[in-house]
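Sequence order for the protein chains is P and G.
According to our numbering, the first sequence is numbered sequentially starting from 5.
According to our numbering, the second sequence is numbered sequentially starting from 5.
Encoded as structure tokens, the structure appears first; notes follow it.
There are 2 protein chains.
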Amino acid sequence: MTPPRQLHLNAFLMSTGHHEASWRLPESNSHAGTDVAHFQRLAQTAERGKLDSIFFADSPVLHGNVAQRPYGGLEPTVLLAAIAAVTERIGLIATASTTYNEPYNLARRFASVDQISGGRAGWNVVTTAGDAAAKNFSLAGQPAHSQRYERAAEFLDVAKKLWNSWEDDAIVADKAAGVWADSSRVHPANHRGTHFQVEGALDVPRSAQGHPVIVQAGSSENGKDFAARYAEAVFTAHQTLADAQAFYSDLLQRTAAAGRDPDSIKILPGIVPVIGSTEEESLRLERELDELILPEHARNQLAGLLRVSPESLQLDAQLPDGLLSEDEIEGAKSRYTLIVNLARRERLTVRQLIGRLGGGRGHRTFSGTPEQVADAIQGWFQAGAADGFNIMPPVLPSGLETFVDQVVPILQDRGLFRREYTGQTLREHFGLAKPANSFERVPQPA
Amino acid sequence: MTPPRQLHLNAFLMSTGHHEASWRLPESNSHAGTDVAHFQRLAQTAERGKLDSIFFADSPVLHGNVAQRPYGGLEPTVLLAAIAAVTERIGLIATASTTYNEPYNLARRFASVDQISGGRAGWNVVTTAGDAAAKNFSLAGQPAHSQRYERAAEFLDVAKKLWNSWEDDAIVADKAAGVWADSSRVHPANHRGTHFQVEGALDVPRSAQGHPVIVQAGSSENGKDFAARYAEAVFTAHQTLADAQAFYSDLLQRTAAAGRDPDSIKILPGIVPVIGSTEEESLRLERELDELILPEHARNQLAGLLRVSPESLQLDAQLPDGLLSEDEIEGAKSRYTLIVNLARRERLTVRQLIGRLGGGRGHRTFSGTPEQVADAIQGWFQAGAADGFNIMPPVLPSGLETFVDQVVPILQDRGLFRREYTGQTLREHFGLAKPANSFERVPQPA
Numbered sequence: 005m006t007p008p009r010q011l012h013l014n015a016f017l018m019s020t021g022h023h024e025a026s027w028r029l030p031e032s033n034s035h036a037g038t039d040v041a042h043f044q045r046l047a048q049t050a051e052r053g054k055l056d057s058i059f060f061a062d063s064p065v066l067h068g069n070v071a072q073r074p075y076g077g078l079e080p081t082v083l084l085a086a087i088a089a090v091t092e093r094i095g096l097i098a099t100a101s102t103t104y105n106e107p108y109n110l111a112r113r114f115a116s117v118d119q120i121s122g123g124r125a126g127w128n129v130v131t132t133a134g135d136a137a138a139k140n141f142s143l144a145g146q147p148a149h150s151q152r153y154e155r156a157a158e159f160l161d162v163a164k165k166l167w168n169s170w171e172d173d174a175i176v177a178d179k180a181a182g183v184w185a186d187s188s189r190v191h192p193a194n195h196r197g198t199h200f201q202v203e204g205a206l207d208v209p210r211s212a213q214g215h216p217v218i219v220q221a222g223s224s225e226n227g228k229d230f231a232a233r234y235a236e237a238v239f240t241a242h243q244t245l246a247d248a249q250a251f252y253s254d255l256l257q258r259t260a261a262a263g264r265d266p267d268s269i270k271i272l273p274g275i276v277p278v279i280g281s282t283e284e285e286s287l288r289l290e291r292e293l294d295e296l297i298l299p300e301h302a303r304n305q306l307a308g309l310l311r312v313s314p315e316s317l318q319l320d321a322q323l324p325d326g327l328l329s330e331d332e333i334e335g336a337k338s339r340y341t342l343i344v345n346l347a348r349r350e351r352l353t354v355r356q357l358i359g360r361l362g363g364g365r366g367h368r369t370f371s372g373t374p375e376q377v378a379d380a381i382q383g384w385f386q387a388g389a390a391d392g393f394n395i396m397p398p399v400l401p402s403g404l405e406t407f408v409d410q411v412v413p414i415l416q417d418r419g420l421f422r423r424e425y426t427g428q429t430l431r432e433h434f435g436l437a438k439p440a441n442s443f444e445r446v447p448q449p450a
Numbered sequence: 005m006t007p008p009r010q011l012h013l014n015a016f017l018m019s020t021g022h023h024e025a026s027w028r029l030p031e032s033n034s035h036a037g038t039d040v041a042h043f044q045r046l047a048q049t050a051e052r053g054k055l056d057s058i059f060f061a062d063s064p065v066l067h068g069n070v071a072q073r074p075y076g077g078l079e080p081t082v083l084l085a086a087i088a089a090v091t092e093r094i095g096l097i098a099t100a101s102t103t104y105n106e107p108y109n110l111a112r113r114f115a116s117v118d119q120i121s122g123g124r125a126g127w128n129v130v131t132t133a134g135d136a137a138a139k140n141f142s143l144a145g146q147p148a149h150s151q152r153y154e155r156a157a158e159f160l161d162v163a164k165k166l167w168n169s170w171e172d173d174a175i176v177a178d179k180a181a182g183v184w185a186d187s188s189r190v191h192p193a194n195h196r197g198t199h200f201q202v203e204g205a206l207d208v209p210r211s212a213q214g215h216p217v218i219v220q221a222g223s224s225e226n227g228k229d230f231a232a233r234y235a236e237a238v239f240t241a242h243q244t245l246a247d248a249q250a251f252y253s254d255l256l257q258r259t260a261a262a263g264r265d266p267d268s269i270k271i272l273p274g275i276v277p278v279i280g281s282t283e284e285e286s287l288r289l290e291r292e293l294d295e296l297i298l299p300e301h302a303r304n305q306l307a308g309l310l311r312v313s314p315e316s317l318q319l320d321a322q323l324p325d326g327l328l329s330e331d332e333i334e335g336a337k338s339r340y341t342l343i344v345n346l347a348r349r350e351r352l353t354v355r356q357l358i359g360r361l362g363g364g365r366g367h368r369t370f371s372g373t374p375e376q377v378a379d380a381i382q383g384w385f386q387a388g389a390a391d392g393f394n395i396m397p398p399v400l401p402s403g404l405e406t407f408v409d410q411v412v413p414i415l416q417d418r419g420l421f422r423r424e425y426t427g428q429t430l431r432e433h434f435g436l437a438k439p440a441n442s443f444e445r446v447p448q449p450a
């Protein structure tokens with residue numbers, strides 16, 4: 005009997021959790037965002053659950069109104085390095101922007117995290133939406149969506165050249181002869197492109213997994229094409245099974261059309277599991293959280309997402325007419341469409357929509373017992389909608405602990421999820437091949 | 005009786021050590037440069053010795069010929085984060101370039117390391133000499149020396165504004181009222197300058213020591229003026245006591261002229277201690293290392309530093325006439341002058357000069373017993389040449405272990421160096437005050 009296909013599970017970590025009111029719970033750590041020990045313990049919990057990886061979102065800007073909820077925190081590549089030091093196996097994925105970084109710097113930093121962790125690093129590539137970030141980098145506003153994606157593509161091409169600078173066996177370390185490396189196996193990038201000219205080799209040798217796993221999370225048309233070309237794991241947000249299935253098969257087709265094996269990309273929709281020992285308890289926890297949402301703050305946030313004035317949104321009315329189309333939006337395009345469609349489809353008032361978004365900002369919120377959460381995961385997984393899930397606990401650390409201690413064992417008992425790690429690197433956890441080195445001389449048959 | 009003035013000691017760490025042939029010793033780890041455990045153990049050794057700090061140099065480029073000795077390694081801010089996770093007290097100083105970074109990114113990353121380490125971070129500010137680095141960042145060659153320092157000064161101004169974005173008590177965390185931070189105590193940078201426009205507040209709250217300690221290591225005229233204005237610790241290289249004394253008093257005068265308390269800057273010359281249990285043993289170790297130097301490689305390096313062709317340097321002759329003056333050099337100016345003066349003053353042949361530079365690249369190499377090394381340190385310290393030393397072990401880990409186990413106890417017995425840490429932050433170790441927050445509203449007397 006063939007063992008069933010295996011799930012991939014990532015824990016998406018955010019200070020006190022994904023529910024925007026989680027910080028107001030009595031047990032929540034008010035300084036969680038800058039508390040490295042908090043994140044180290046979360047990573048150890050995820051590792052105890054044999055999860056594939058943990059993940060941090062990022063944008064180089066202080067978003068939102070700090071009066072109304074915690075914002076800010078730690079830059080994720082340095083945070084991952086501090087977590088690498090206290091974990092052994094779990095994959096470590098950080099977000100970083102191709103719009104506001106230089107490829108040499110970023111390729112180098114991710115290569116270093118990959119070395120420090122023994123090949124456990126992943127990079128969630130983002131182009132960073134919003135004028136606020138642009139204004140921290142001497143720009144008047146954000147570059148256009150298509151321009152950001154064009155730069156991102158060239159950025160990835162440069163990063164890959166840099167990660168291939170050193171062949172795996174370049175370091176020969178012949179002390180007697182005084183030869184440290186075989187310099188014919190260390191290659192300059194020699195990149196001359198539209199956005200970047202990068203001449204030299206990277207100063208970090210190639211890691212155990214070749215290079216960090218490339219993750220992507222944008223679901224716009226540009227985003228999906230980018231994912232098909234470069235991504236090895238994709239985080240995505242869907243409210244319905246049909247939407248998730250359509251996205252899944254569309255992305256596999258695009259990946260094949262880009263000349264890649266569809267098995268070389270893993271698709272993980274987000275899920276916000278609100279777990280109770282009974283259905284009632286899970287609904288009570290969900291209500292408790294929703295009641296802590298500050299409606300004015302949430303309305304301001306929603307107005308920002310929809311590019312309308314807060315006053316145009318009436319809490320007890322549906323969304324106004326005349327909203328922009330996705331084409332007119334210059335960032336977070338697919339999230340915009342998801343929210344508008346959700347509101348229209350279910351005829352939600354602004355207040356109801358805020359409740360639905362408060363837990364997961366557009367990701368699927370699912371309340372239930374551990375058994376029901378496992379069923380929800382298995383259902384989408386086996387219906388061709390996912391290779392696994394991006395777990396977004398509404399409250400941290402408790403939501404991750406409950407997931408690891410109560411949901412993971414059910415998935416293990418059903419034969420859907422590993423009981424022990426079988427590999428060392430993030431690539432091995434995700435079932436991804438180590439990429440070939442583009443510079444490596446393939447021996448020719450005689 | 006007043007206790008004597010206290011020494012400050014920093015350990016400058018480099019893969020297998022500062023002697024360029026150290027990697028060829030039988031016991032040296034050929035992969036030390038990318039081995040995080042190697043550096044974590046070194047940091048723990050330095051912490052066992054109650055040293056103020058450890059330090060990593062950096063340049064975003066693969067320097068030199070990897071055939072001839074190890075080059076490359078780990079990006080130092082992520083390396084420091086991994087070290088912070090396994091240490092408690094030791095200060096953590098990384099080098100980063102103002103020429104090839106954006107202030108928002110770098111201020112954020114150092115602020116994050118400062119948070120992760122509980123206020124133990126330091127930033128060695130460099131402007132990065134050399135065309136090779138420039139060519140990794142879409143430039144044809146390096147910007148002029150003065151232009152790099154102009155940008156560096158504005159970079160520091162922006163970084164300080166960003167580090168002051170959050171007042172110390174900005175986070176009020178009133179869960180009942182739903183107020184997380186007092187937004188009147190979080191300030192946008194609003195920087196509009198020549199090189200940078202940075203609008204927003206940093207997304208990392210202020211650290212336990214206010215902001216990372218600013219370190220500087222350039223000794224050109226521009227470098228010394230920059231240090232006088234911004235630096236809180238200075239690494240420098242001198243071969244003679246007279247040069248070190250002249251530098252020390254000159255820099256204190258410049259610091260006072262810049263309107264700062266001369267006590268707010270600590271000056272640490274580099275020393276390469278070759279330690280043996282007898283004088284003979286230390287000289288034997290020095291000879292053993294020097295004999296492992298590859299003369300052709302060292303001649304190429306020296307030729308690069310002197311901006312001449314390797315063929316113009318005869319191993320058994322003195323330096324040729326007609327070398328450039330410091331004014332004509334566009335990077336590492338003061339190191340250039342130091343090397344030329346050393347060779348001329350002591351009438352060294354190229355081969356002898358190579359031997360002198362091989363151990364410490366222009367820093368003072370001192371061979372002797374632990375007692376003699378302690379004497380050398382005490383001598384300069386009490387002769388107005390130093391506030392402490394930048395210890396550059398020729399071989400790692402052994403050179404640091406010997407220093408910590410055999411030299412530090414002598415300095416402690418002489419009452420010159422702490423037996424236990426008295427503070428938690430790097431600023432406390434260095435005896436530097438926590439900087440005031442420029443945005444803080446000072447209460448007015450009634």
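Every residue, glycine too, gets a C-beta built ideally from N, C-alpha and C.
Using a 10 Å radius around the Cβ and a threshold of 16 neighbouring Cβ atoms, would you call residue i buried or exposed?
i	result
G283 (chain G)	Before going further, note that residue 283 (chain G) is Glu rather than Gly in the sequence given. Burial call: exposed.
Q257 (chain P)	exposed
V176 (chain P)	exposed
R196 (chain G)	exposed
R303 (chain G)	buried
A326 (chain G)	Note on residue identity: the sequence assigns Gly, not Ala, to residue 326 (chain G). Counting Cβ neighbours within 10 Å, G326 (chain G) comes out exposed, since fewer than 16 surround it.
E424 (chain P)	exposed
S224 (chain G)	buried
E290 (chain P)	buried
T369 (chain G)	buried
Could you check how far apart the C-beta atoms of residue i and residue j are, in whole angstroms? I think they sit under 8 Å.
i	j	result
L272 (chain G)	N109 (chain G)	Wrong, their Cβ atoms sit about 28 Å apart, outside the cutoff.
L166 (chain P)	P107 (chain P)	7 Å
N441 (chain G)	N69 (chain G)	Not really, about 47 Å apart at Cβ, beyond 8 Å.
Q243 (chain G)	L342 (chain G)	7 Å
D178 (chain G)	R189 (chain G)	That belief does not hold up - the Cβ atoms of D178 (chain G) and R189 (chain G) are roughly 13 Å apart, past 8 Å.
H67 (chain G)	E334 (chain G)	Between E334 (chain G) and H67 (chain G) the Cβ distance is about 17 Å, and since that is not below 8 Å, they are no contact.
E24 (chain P)	G362 (chain P)	5 Å
For residue i and residue j, what's the separation of their Cα atoms in angstroms?
i	j	result
F434 (chain G)	K270 (chain G)	8 Å
N105 (chain G)	F60 (chain G)	17 Å
V162 (chain P)	L436 (chain P)	21 Å
S338 (chain P)	N345 (chain P)	11 Å
P268 (chain G)	V412 (chain G)	According to the sequence as given, residue 268 (chain G) is Ser; it is not Pro. Roughly 25 Å separates the two Cα atoms.
A88 (chain P)	T259 (chain P)	31 Å
S116 (chain G)	L83 (chain P)	8 Å
State yes or no: is the beta carbon of residue i nearer than 8 Å to at least one beta carbon in chain G?
i	result
Q119 (chain P)	yes
H12 (chain P)	no
L96 (chain P)	no
V90 (chain P)	yes
Could you tell me whether any Cβ in chain P is nearer than 8 Å to the Cβ of residue i?
i	result
Y234 (chain G)	no
G77 (chain G)	yes
G427 (chain G)	no
F200 (chain G)	yes
V70 (chain G)	yes
For the stretch 37–60 of chain G, list every residue whose C-beta sits within 9 Å of some C-beta in chain P, in sequence order.
G37, T38, D39, V40, Q44
Which residues of the stretch 112–145 of chain G have a Cβ closer than 7 Å to any Cβ of chain P? Give them in chain order.
Correct list: R112, R113, S116, V117, Q119, I120, A136, K139, N140, F141, S142.
Listed in chain order, which residues of the stretch 163–178 of chain P have Cβ atoms closer than 7 Å to some Cβ of chain G?
I175, A177
Check distances from the C-beta atoms of the stretch 17–35 of chain G to those of chain P and list, in chain order, the residues that come in under 9 Å.
A25, W27, R28, L29, P30, S32, S34, H35
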